[in-house]
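S.K.: Have a look at this one before I ask anything.
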């Protein structure tokens, strides 16, 4: 008996069609959370089952896949998901942003500007931006339906009242196409402006919560704020200690127990490209 | 329409009470019927002060309570003329009675039933012309309290802290035509 | 002036049990109407029908929307009802944990309605919230503290502020002083009384306490077993009660 074989992309074709229908609906209603019938995947919830199902449903033989986790191509999660698709779909993989047609991500959007035709796939733990304010699903869905979003600003109000500024730094809520308030997944708010009128297609999959949502190319995506406390990315003032890049999202790395530390690009491909000079994708 | 804007020619008929009767039915005491007023008839003209005399229990207060709407009327009529309009108070709806109380009628009793904890001046101002601004109402109230010789240091206190002058303040919750229910009684004796 | 809310023949059945039967009432701008009765008399069910939270089994409730025409609540869509409940209407519950977000600061609680109708200036929202704290006699310095650290009476007053901040025309009060000590009750009642008068608010007040009704209400309705047994001017109902049940209620509660 031969080794077990999988359908192309692991999922069966009927499941892919179901997920694609959800994706089409999500693209048609930017920011709206479409329920879908999430499948068991060969990895635990919280490891990107939503993103993997989305990628599995859209990937084709001519695609080139890049997977990042916290901006890095070489963390366990990124490496194993990349290997998974290399095995079950036999597709080309890359770490270079510019070469990828599909980029599955957890927590970051690459520093290198995306181009039209590229697809970002996000692994989403909790898709509902109102969840921490309103625990009832029925109520939050009604709030979305009626654009009843006052509560979202209450959260930002509380931030300012407590910290003097809006202290939400990741999963910072955005208004998509002037209609739906959306959680951009746990990406840092630093990446929020990259979503605004982005030429790429952004697909979000939450496996455990069974929700899919999307931002089609060139869709206005605005971060919520107050007139007198406008949204700011709080871009780090420091430069990357590895490649010297400024105005990028940095990881702070403690190097010893005497207070030594260095800052490095969170986007490892961007950092490598900068160090390689013209040979890189930057 | 407010009192201040309505002229009342001296001697004009203001109130005509005719055949007024009141019977209480005490359901908790086996439905016993207790007649307290039977066929009271009198009238009051503008500029007149009419005294309803009689021993305790004669029904004087009950008549006034019927006029002011606090008691229902079993039989008879209470015709009140105000601003050229005559209405039978015995047949008014609660909302109409509220309007009459606001515009045409005021009452004073020996029993202080003012709202507790409200300063005298605000209590008096609350009875002022509803069209006045809060500031103007307070000014009017201050002038009235002064006229009644209520010392200014008491204006900010609730009238429950007053002695003999408390119903003076109470009275001016509405400084209008009618009626007066034995106000001096409280001054002669200690208040109930 | 014209009627603000009118209800005709409101009946609500739960299964075979009739919670309230054939109730008619009108509420006019600026007047406080009390619905009194013992627990189980149907007064809260009636209030929930009046405020659109519960669909009556029969009868209809009409409200003068935006000061325009009387509109049947049943004909309104959910979006309109929700907009009403955070702009033209207010709800003060007996239990402040129902009417307040306990984990959110006093300022956030009061500001929520403002933000819901589009206020987007943090400083202005905060100033308004502080003003309202003053109006309900809660120290504005405590604007950043959550309701759970406030006393019961203060929570009730915060709930009142949270409701009145958008200048509603009609407020539903469900036993607003129910769970409070007598002395604390008095202060909440004083605030309610002052604000209903100052703001010319119409209010429907549900209470089992005749003293509360006497202090706040212009008119009252007495309910027993789901039916209105007596209604009229507050002082008339209290001093010259006609129905045996009202006489019992008055004699057992009022001693003065």
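Chains as they are written, first to last, in my numbering: chain L, 17 to 298; chain C, 23 to 214; chain A, 1233 to 1488. Just so you know, even glycine gets a beta-carbon here, dropped at the ideal spot from N, CA and C. Only a predicted model underlies this, so the values are computations on that prediction, with no experimental measurement involved.
Within 10 angstroms of its Cβ, does residue 123 of chain L collect 16 or more other Cβ (buried), or is it exposed?
M.R.: The residue you call residue 123 of chain L lines up with position 107 of the first chain. Buried.
S.K.: Look up residue 281 of chain L in the DSSP assignment and give the residues it is bridged to.
M.R.: Translated into the one-based positions of the first chain, residue 281 of chain L becomes position 265. Answer by DSSP bridge pairing, in chain order: L/266.
S.K.: So, helix, strand or coil for residue 290 of chain L, using DSSP?
M.R.: As a working mapping, residue 290 of chain L is identified with position 274 in the first chain. In the structure shown, residue 290 of chain L sits in a helix (DSSP, three-state: H, G or I).
S.K.: How far does the beta strand (DSSP E) with residue 242 of chain L in it reach, from first residue to last?
M.R.: Here residue 242 of chain L refers to the residue found at position 226 when the first chain is read from its first residue. Segment: none, residue 242 of chain L is in no beta strand (DSSP E) and carries neither H nor E.
S.K.: Hey, is residue 1354 of chain A's beta-carbon within less than 9 Å of any beta-carbon in chain L?
M.R.: Position 122 of the third chain holds residue 1354 of chain A. Yes, contact with chain L.
S.K.: Is residue 1467 of chain A buried or exposed, if buried means 16 or more other CB atoms sit within 10 Å of its CB?
M.R.: As a first step, residue 1467 of chain A is located in the third chain; it is residue number 235 there, counting from the start. Flag for residue 1467 of chain A reads buried.
S.K.: Exposed or buried, residue 53 of chain L, counting other C-beta atoms within 10 Å across all chains shown (16 or more means buried)?
M.R.: Here residue 53 of chain L refers to the residue found at position 37 of the first chain. Exposed, because fewer than 16 other Cβ atoms sit within 10 Å of the Cβ of residue 53 of chain L.
S.K.: Please report the distance separating the alpha-carbon of residue 130 of chain L from that of residue 217 of chain L.
M.R.: The residue you call residue 130 of chain L lines up with position 114 of the first chain. The residue you call residue 217 of chain L lines up with position 201 of the first chain. Roughly 9 Å separates the two Cα atoms.
S.K.: Step through the CB atoms of chain L and report whether any lies within less than 9 Å of the CB of residue 1358 of chain A.
M.R.: Sequence index remark: in the third chain, residue 1358 of chain A carries index 126 (1-based). It does; some Cβ of chain L falls within 9 Å.
S.K.: Check the Cβ of residue 1483 of chain A against every Cβ in chain C and list those closer than 7 Å, keeping chain order.
M.R.: On the third chain, residue 1483 of chain A is found 251 positions in, with the first residue counted as 1. Ordered by position in chain C, the residues that pass the 7 Å Cβ test against residue 1483 of chain A are 50.
S.K.: Under 6 Å Cβ to Cβ from residue 81 of chain C, same chain only, skipping five residues before and after it: list those, please.
M.R.: Numbered from its first residue, the second chain carries residue 81 of chain C at position 59. So the list reads 58 and 59, once near-sequence residues are dropped.
S.K.: Could you check where the alpha helix (DSSP H) with residue 173 of chain L kicks off and where it finishes?
M.R.: The sequence position of residue 173 of chain L within the first chain is 157, counting from 1. From DSSP, the alpha helix (DSSP H) with residue 173 of chain L extends over 166-179.
S.K.: Which same chain residues end up closer than 6 Å to residue 270 of chain L when comparing Cβ atoms and leaving out the 5 residues on each side of it in sequence?
M.R.: Sequence index remark: in the first chain, residue 270 of chain L carries index 254 (1-based). The answer, listed in chain order, is 277.
S.K.: So who's on the other strand from residue 109 of chain C, going by DSSP bridges?
M.R.: Counting from one through the second chain, the residue named residue 109 of chain C turns up at place 87. Paired residue(s): C/102.
S.K.: Interface residues of chain L around residue 1337 of chain A at Cβ under 7 Å?
M.R.: For the purposes of this step, residue 1337 of chain A is taken as the residue at position 105 of the third chain. 174 and 177, listed in chain order.
S.K.: With a cut-off of 8 Å on the beta carbons, I'd call residue 47 of chain L and residue 187 of chain L a contact; round off their distance for me.
M.R.: Your numbering for residue 47 of chain L matches position 31 in the first chain. Your numbering for residue 187 of chain L matches position 171 in the first chain. The pair is not a contact, with the Cβ atoms about 14 Å apart (cut-off 8 Å).
S.K.: Name the DSSP bridge partner or partners of residue 38 of chain C?
M.R.: Position 16 of the second chain, counting from 1, holds the residue named residue 38 of chain C. Residue 38 of chain C pairs with C/65 and C/101.
S.K.: Per DSSP, what are the beta-bridge partners of residue 93 of chain L in this structure?
M.R.: Sequence index remark: in the first chain, residue 93 of chain L carries index 77 (1-based). DSSP, once it has assigned bridges, lists no residue as partnering residue 93 of chain L.
S.K.: Kindly list the residues whose CB is nearer than 7 Å to the CB of residue 74 of chain C, restricted to its own chain and excluding five residues on each side of it in sequence; keep chain order.
M.R.: Here residue 74 of chain C refers to the residue found at position 52 when the second chain is read from its first residue. Cβ neighbours of residue 74 of chain C beyond the five flanking positions: 82 and 85.
S.K.: Going along chain A in order, which residues have a C-beta closer than 8 Å to the C-beta of residue 92 of chain C?
M.R.: For this step, residue 92 of chain C is matched to residue 70 along the second chain. Under the 8 Å cutoff, chain A gives 1465, 1467, 1468, 1471 and 1472.
S.K.: Consult DSSP for residue 35 of chain L and reduce its assignment to one of helix, strand or coil.
M.R.: On the first chain, position 19 is the one that residue 35 of chain L refers to. Helix at residue 35 of chain L.
S.K.: Which residues in the same chain as residue 1347 of chain A place their Cβ atom closer than 8 Å to its Cβ, once the five residues preceding and following it in sequence are excluded?
M.R.: Working through the third chain from its first residue, we reach residue 1347 of chain A at position 115. The residues are 1357.
S.K.: Determine, using beta-carbon pairs with one atom in the stretch 42-50 of chain C and one in the stretch 96-110 of chain C, whether at least three such pairs fall under 8 Å.
M.R.: With a cut-off of 8 Å, the stretch 96-110 of chain C and the stretch 42-50 of chain C count as touching, because enough Cβ pairs lie within range.
S.K.: Taking the beta carbon of residue 214 of chain L as the centre, do at least 16 other beta carbons fall within 10 Å, making it buried, or is it exposed?
M.R.: Taking the first residue of the first chain as 1, we reach residue 214 of chain L at position 198. Buried is the call here.
S.K.: Tell me, please, whether the CB atom of residue 1451 of chain A is closer than 9 Å to any CB atom in chain C?
M.R.: Stepping through the third chain from its first residue, residue 1451 of chain A is reached at position 219. Yes - at least one Cβ of chain C is within 9 Å of the one on residue 1451 of chain A.
S.K.: Tell me, which residues are paired with residue 119 of chain L by DSSP?
M.R.: Position 103 of the first chain holds residue 119 of chain L. According to DSSP, residue 119 of chain L bridges with L/82 and L/136.
S.K.: Compute the Euclidean distance between the alpha carbons of residue 115 of chain L and residue 81 of chain L, then round it to the nearest angstrom.
M.R.: Within the first chain, numbered from 1, the residue matching residue 115 of chain L stands at position 99. Within the first chain, numbered from 1, the residue matching residue 81 of chain L stands at position 65. In a straight line, the C-alpha of residue 115 of chain L is about 9 Å away from that of residue 81 of chain L.
S.K.: Under a CB-based cut-off of 9 Å, is residue 101 of chain C close to chain A?
M.R.: Residue 101 of chain C sits at position 79 when you count from the first residue of the second chain. By this cut-off, residue 101 of chain C is not an interface position.
S.K.: Closer than 7 Å by C-beta to residue 232 of chain L: which residues in its own chain qualify, once you throw out the five before and the five after it? Chain order, please.
M.R.: What you label residue 232 of chain L is simply residue 216 of the first chain in a count that begins at 1. Answer for residue 232 of chain L: 43, 46 and 217, listed in chain order.
S.K.: Ignore the nearest five residues each way along the sequence and tell me which others in residue 51 of chain L's own chain have a CB closer than 7 Å to its CB.
M.R.: The count along the first chain starts at 1 and reaches residue 51 of chain L at position 35. Same-chain partners within the cutoff: 226 and 227.
S.K.: Could you list which residues in chain C have their beta carbon closer than 8 Å to that of residue 1422 of chain A, in chain order?
M.R.: Taking the third chain and counting its residues from 1, one reaches residue 1422 of chain A at position 190. 139 and 140, listed in chain order.
S.K.: Just to make sure I have the definition right: I need the residues of chain A whose C-beta is within less than 7 Å of the C-beta of residue 180 of chain C. Which are they?
M.R.: Here residue 180 of chain C corresponds to residue number 158 of the second chain, with the count starting at 1. The premise fails here: residue 180 of chain C is roughly 11 Å from chain A at the closest Cβ pair, so nothing lies under 7 Å.
S.K.: Which residue or residues does DSSP assign as beta-bridge partners of residue 1459 of chain A?
M.R.: As a first step, residue 1459 of chain A must be located in the third chain, where it is residue number 227. A/1456, per the DSSP bridge assignment.
S.K.: Is it buried or exposed for residue 144 of chain L, if we count other Cβ within 10 angstroms and need 16 for buried?
M.R.: Position 128 of the first chain, counting from 1, holds the residue named residue 144 of chain L. Buried: at least 16 other Cβ atoms inside 10 Å.
S.K.: Please report the distance separating the alpha-carbon of residue 75 of chain L from that of residue 219 of chain L.
M.R.: Walking along the first chain from the start, residue 75 of chain L turns up at place 59. Walking along the first chain from the start, residue 219 of chain L turns up at place 203. When rounded, the distance between both Cα atoms is 13 Å.
S.K.: Have a look at L/29, L/208 and L/127 and flag the residue whose alpha-carbon is nearest the alpha-carbon of residue 250 of chain L.
M.R.: Sequence index remark: in the first chain, residue 250 of chain L carries index 234 (1-based). The shortest C-alpha separation from residue 250 of chain L is found at L/208.
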